[in-house]
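A.B. asks: Quick one: the structure is below, questions incoming.
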Amino acid sequence: MSLRMATPRINRLGIFTARLWVPTDLQPVLKKKEVVRSLKTRDPAEAKRKFKIVVAEFEAECEQLRTVAEFVATTDSSMPAPRTITEKEAHALSGEIYRTMVAAHEENPGSVENWENRLRSIQRSLPRAERDTGCVAPFVQDKGWAFHPTRNAHRELSGEVRAFLDARNDNLEARSFMLLCSKVALAKRDAYERLLRHARGDFAPDPKADRFPTPAVSSRPEGPETGCEELLAKWKDAAGVADKTVKSWSGKLRMLMKFSGKTDVAALTRDDVARWRDHRIGQGISMNTVSMGDLAGVRAILEWAKDSTLTPTITINAAAEVKQKTKKVEQLGPKSFELHEANAILAATLLPPAERMTRTGAMARRWVPWLCAYSGARVGEVGQLHSSNVFEKLTVDGRRIWCMRLTPEHGSIKSGEARTVPIHTHVLEQGFLDYVAERRGKPLFYDPARARGSKQNHRQADKVGERLALWVREEVGITRKVQPNHGWRHRFETQGRELDIRQDVVDKITGHKNDTQAAEYGDYLIPVLSAAIENLPRYLSTADMPACSRPEEDTTGGTVQPAEASPFEALSNAPVQDEQRVSRRQAGHQRKRQS
């Protein structure tokens, strides 16, 4: 290798440095064009001596990197897929090398000088804290790229470690291979020290022999490839996760497999996942999304696959140790809707719907915010509500309480458990039950007949929440950093604390998981839940109502309701869209799809 700079240079502090140009073929590997290292001396003669050492180290490192690159490019396809190991596994594997070496020389350890020389030679491959300063030249202990202990261990021991892995029919990805080399250096140091004592006549047991963990099964089981879609199908059937989670996390694994260019999930490595993480961040995806969406989804699927007997070839979770730091989102205001915001949204539900809205779309805007406000339910749970799940519950004391049953039978429930929630009388007084009767036998807030394909019901229910969020932001004008649908859930919890409602009762209504042992005992009766919900103050005074829905005032100062119907009833029964217009538009869509 020819260097463009053959002599040391003096920096602005008067200290000699070495500027070494990285060969063109290794620049993509090291991700730099030159390496600059301080020689830590102002003496020209000492600088020339150290410069030669640095150049020799750098050239040796470059040759080693080329060897590794060639090995990766020409790896035998019959080798098992590279895998990732933990630090504990690395110590366990290095313990096998320790025991093999000691067993080979224990009976006839040989000369003292042999083991002293080996101890000196291994020092540069050890972490600085583990080195014996009496065995190492002072300059060798200096910091610097050329003297990095992990790189030294990789350069000095890679051949031996590779032969060890080949004998086990094992294969490690690059980071794990370098980790194992560094742990093997420590194991060889301990073996040399023990054999040196044997050579001096000391055959006492070595206390360090017990520091190695029990060797773990490391080789990949033989078997056919596990494709991405095959794994996802098994995971979906056996893991028992919600449909929404399946849809979201499946996409994450597909993206990772496409990025890695591999067809076998068992062949994924830690490096593949780390490079994909960096690629996603480079695309502008937020660190929170990458951490809690991308990596969390892939990690959960691979963890299930690692522990499942349905995928025997997947023995590691390549995403287990790949993390991404997140930025804490600044909360400039309360997480829940404030009273004026809640009233503004609920008042907007009483306004006449847009001309071209469908009946179910208009009624979702009309009723979903009210149901969320008085129950703290997730918008997705209410958006998928079916008319059959609104029913009257007869209590032991003869009262009848109208309830809604939020169940995974009609979509996704985060906890996976159905729950029955009483409906506030304020919602009933507005005529909600009239609309439920109108939708008998059908979902309340979406029309399955308008689905554009099979298995679209859940996706239609999700759209209910998306459209409501857009409406709250753009039309109602709630632009503060509060979640436009989830703000109801936060507000319900806030009101529960303000009104001193028992937390376990609030958790039962909202569907939050209660980890206390006491919550597992007994039942929560509907009258108890209903009393808590009815304890909430009613929204919307007359002043908060939109002008078109306010009661009319008479000249004497009293108020007179319109004779024909209440504003709530009039809005609930208002025609939204002409039947013929719907038919014409659907016919137009059909012609467009056919063309």
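Position 103 of the sequence shown, counted from 1, bears residue number 146 in our numbering, the numbering being contiguous throughout. Yeah, the Cβ is synthetic: ideal placement off N, Cα and C, and Gly gets one too.
1) With 16 other CB atoms within 10 Å as the buried threshold, where does Ile53 fall?
2) CB Lys368 to CB Gly336, shorter than 8 Å?
3) Hey, Tyr235 and Ile140: beta-carbon distance below 8 Å or not?
4) Cβ atoms of Lys226 and Gly376: under 8 Å apart, would you say?
5) For Ile456, which three-state DSSP category applies?
6) Kindly indicate which three-state DSSP category Thr60 falls into: helix, strand or coil?
7) Less than 8 Å between the CB atoms is what I'm expecting for His467 and Glu577, so what's the real figure, rounded?
8) So, helix, strand or coil for Val79, using DSSP?
9) Would you list the residues sitting across from Cys446 in a DSSP beta bridge?
10) With DSSP collapsed to three states, give me the class of Asn54.
11) Considering Ile324, what are the terminal residues of the alpha helix (DSSP H) in which it resides?
12) Can you check whether the CB of Val78 is closer than 8 Å to the CB of Thr60?
13) Relative to the alpha-carbon of Val411, which residue among Phe475, Pro71, Ala397 and Ala317 has its alpha-carbon at the smallest distance?
14) Less than 8 Å between the C-beta atoms of Ser351 and Ala281, yes or no?
15) Do Val316 and Cys271 have their CB atoms nearer than 8 Å?
16) Thr193 to Ile128, Cα distance in whole Å?
17) Determine, using beta carbons only, whether Leu229 and Ser137 come nearer to each other than 8 Å.
18) Is Leu572 helix, strand or coil when you go by DSSP?
19) Specify the secondary structure class of Arg126 as computed by DSSP and reduced to three states.
20) Leaving out five residues on either side along the sequence, give the residues of the same chain with a beta carbon under 8 Å from the beta carbon of Ser431.
21) Taking all protein chains shown into account, do 16 or more other C-beta atoms lie within 10 angstroms of the C-beta of Arg442, making it buried, or fewer, making it exposed?
22) Among Pro256, Arg254 and Lys506, whose alpha-carbon lies nearest the alpha-carbon of Gly423?
23) Counting pairs of beta carbons, one from the region 376-391 and one from the region 145-156, are three or more of them closer than 8 Å?
24) So, is Asn360 buried or exposed, given that buried needs 16 or more other C-beta atoms within 10 angstroms?
25) In three-state terms, what does DSSP make of His529?
26) Taking 8 Å as the cut-off, decide whether the C-beta atoms of Val479 and Val433 are in contact.
27) Within its chain, find whatever has a CB closer than 6 Å to the CB of Arg482; leave out the 5 residues flanking it on each side and keep chain order.
28) Using alpha carbons as the reference points, say which of Glu452, Ser418 and Asp490 lies closest to Gln538.
29) According to DSSP, what are the bridge partners of Leu215?
30) Is there contact here, the region 245-255 with the region 207-221, by at least three beta-carbon pairs under 8 Å?
31) For a test of the three-state rule: what should DSSP assign to Pro486, helix, strand or coil?
32) Given this structure, state the Cα-to-Cα distance separating Gly565 from Ala276, to the nearest angstrom.
33) Output the distance between the C-alpha atoms of Gln473 and Ala461, rounded to the nearest integer angstrom.
34) Can you look up His429 in the DSSP assignment and give me helix, strand or coil?
35) Looking at the secondary structure, which residues open and close the alpha helix (DSSP H) in which Gln546 lies?
C.D. replies: Quick answer:
1) Here residue 53 refers to the residue found at position 10 of the sequence shown. An exposed status is given to Ile53, since fewer than 16 other beta-carbon atoms sit within 10 Å of its beta-carbon.
2) The count along the sequence shown starts at 1 and reaches residue 368 at position 325. The count along the sequence shown starts at 1 and reaches residue 336 at position 293. A distance of 8 Å or more separates the beta carbons of Lys368 and Gly336.
3) Your numbering for residue 235 matches position 192 in the sequence shown. Your numbering for residue 140 matches position 97 in the sequence shown. The beta carbons of Tyr235 and Ile140 sit no closer together than 8 Å.
4) Within the sequence shown, numbered from 1, the residue matching residue 376 stands at position 333. Within the sequence shown, numbered from 1, the residue matching residue 226 stands at position 183. Not closer than 8 Å, so no.
5) Locating residue 456 in the sequence shown gives position 413, counting from the first residue. For Ile456, the secondary structure class from DSSP, reduced to helix, strand or coil, is coil.
6) Counted from its first residue, the sequence shown places residue 60 at position 17. Taken through DSSP and simplified to helix, strand or coil, Thr60 comes out as strand.
7) Counting from one through the sequence shown, the residue named residue 467 turns up at place 424. Counting from one through the sequence shown, the residue named residue 577 turns up at place 534. Correct: roughly 7 Å between the Cβ atoms.
8) If you number the sequence shown from 1, residue 79 lands on position 36. Under the three-state reduction of DSSP, Val79 is assigned to strand.
9) To locate residue 446, count along the sequence shown from 1; it is residue 403. Residue pairing by DSSP places Cys446 opposite Phe434 and Pro465 in a beta bridge.
10) Mapped onto the sequence shown, residue 54 falls at position 11. Asn54: coil per DSSP, three-state reduction.
11) Walking along the sequence shown from the start, residue 324 turns up at place 281. Note, Ile324: alpha helix (DSSP H), Arg313 to Gly325.
12) What you label residue 60 is simply residue 17 of the sequence shown in a count that begins at 1. What you label residue 78 is simply residue 35 of the sequence shown in a count that begins at 1. If you check the CB distance, Thr60 and Val78 do not come in under 8 Å.
13) Numbered from its first residue, the sequence shown carries residue 411 at position 368. When C-alpha distances from Val411 are compared across Phe475, Pro71, Ala397 and Ala317, the shortest belongs to Phe475.
14) The residue you call residue 351 lines up with position 308 of the sequence shown. The residue you call residue 281 lines up with position 238 of the sequence shown. Cβ atoms of Ser351 and Ala281: closer than 8 Å.
15) Within the sequence shown, the letter at position 273 stands for residue 316. Within the sequence shown, the letter at position 228 stands for residue 271. Taking 8 Å as the Cβ cut-off, Val316 and Cys271 do not qualify as a contacting pair.
16) Residue numbering aside, residue 193 sits at position 150 when the sequence shown is read from its first letter. Residue numbering aside, residue 128 sits at position 85 when the sequence shown is read from its first letter. Those two C-alpha atoms are separated by around 16 Å.
17) Looking up residue 229 in the sequence shown gives position 186. Looking up residue 137 in the sequence shown gives position 94. Taking 8 Å as the cut-off, the Cβ atoms of Leu229 and Ser137 count as close.
18) Taking the first residue of the sequence shown as position 1, residue 572 is located at position 529. Helix.
19) Locating residue 126 in the sequence shown gives position 83, counting from the first residue. The answer is strand: DSSP assigns Arg126 an E or B state.
20) Taking the sequence shown and counting its residues from 1, the one referred to as residue 431 is at position 388. Here Ser431 has Gly484 as same chain residues with Cβ atoms under 8 Å from its own Cβ, once five neighbours each way along the sequence are excluded.
21) On the sequence shown, residue 442 is found 399 positions in, with the first residue counted as 1. Arg442 comes out exposed.
22) Sequence index remark: in the sequence shown, residue 423 carries index 380 (1-based). Relative to the Cα of Gly423, the nearest Cα in the group Pro256, Arg254 and Lys506 belongs to Lys506.
23) No, because fewer than three Cβ pairs between the region 376-391 and the region 145-156 fall closer than 8 Å, the two stretches do not touch.
24) As a position in the sequence shown, residue 360 is number 317, starting the count at 1. Label assigned to Asn360: buried.
25) Indexing the sequence shown from 1 puts residue 529 at position 486. The answer is coil: DSSP assigns His529 none of H, G, I, E or B.
26) By one-based count along the sequence shown, residue 479 stands at place 436. By one-based count along the sequence shown, residue 433 stands at place 390. Taking 8 Å as the Cβ cut-off, Val479 and Val433 qualify as a contacting pair.
27) As a working mapping, residue 482 is identified with position 439 in the sequence shown. Correct list, in chain order: Ser430.
28) Numbered from its first residue, the sequence shown carries residue 538 at position 495. If we check each option's Cα against that of Gln538, Ser418 comes out closest.
29) As a first step, residue 215 must be located in the sequence shown, where it is residue number 172. Answer is Arg126, bridged to Leu215.
30) Between the region 245-255 and the region 207-221 there are fewer than three C-beta pairs closer than 8 Å, too few to call the two in contact.
31) Counting from one through the sequence shown, the residue named residue 486 turns up at place 443. The three-state reading of DSSP puts Pro486 in strand, counting E and B together.
32) Counting from 1 along the sequence shown, the entry for residue 565 is found at position 522. Counting from 1 along the sequence shown, the entry for residue 276 is found at position 233. Near 38 Å, if we compare the C-alpha coordinates of Ala276 and Gly565.
33) Here residue 473 refers to the residue found at position 430 of the sequence shown. Here residue 461 refers to the residue found at position 418 of the sequence shown. In this structure, the alpha-carbon of Gln473 lies about 26 Å from that of Ala461.
34) Stepping through the sequence shown from its first residue, residue 429 is reached at position 386. Of the three classes helix, strand and coil, the one that applies to His429 here is strand, per DSSP.
35) Locating residue 546 in the sequence shown gives position 503, counting from the first residue. First-last of the alpha helix (DSSP H) with Gln546: Gln546 to Thr553.
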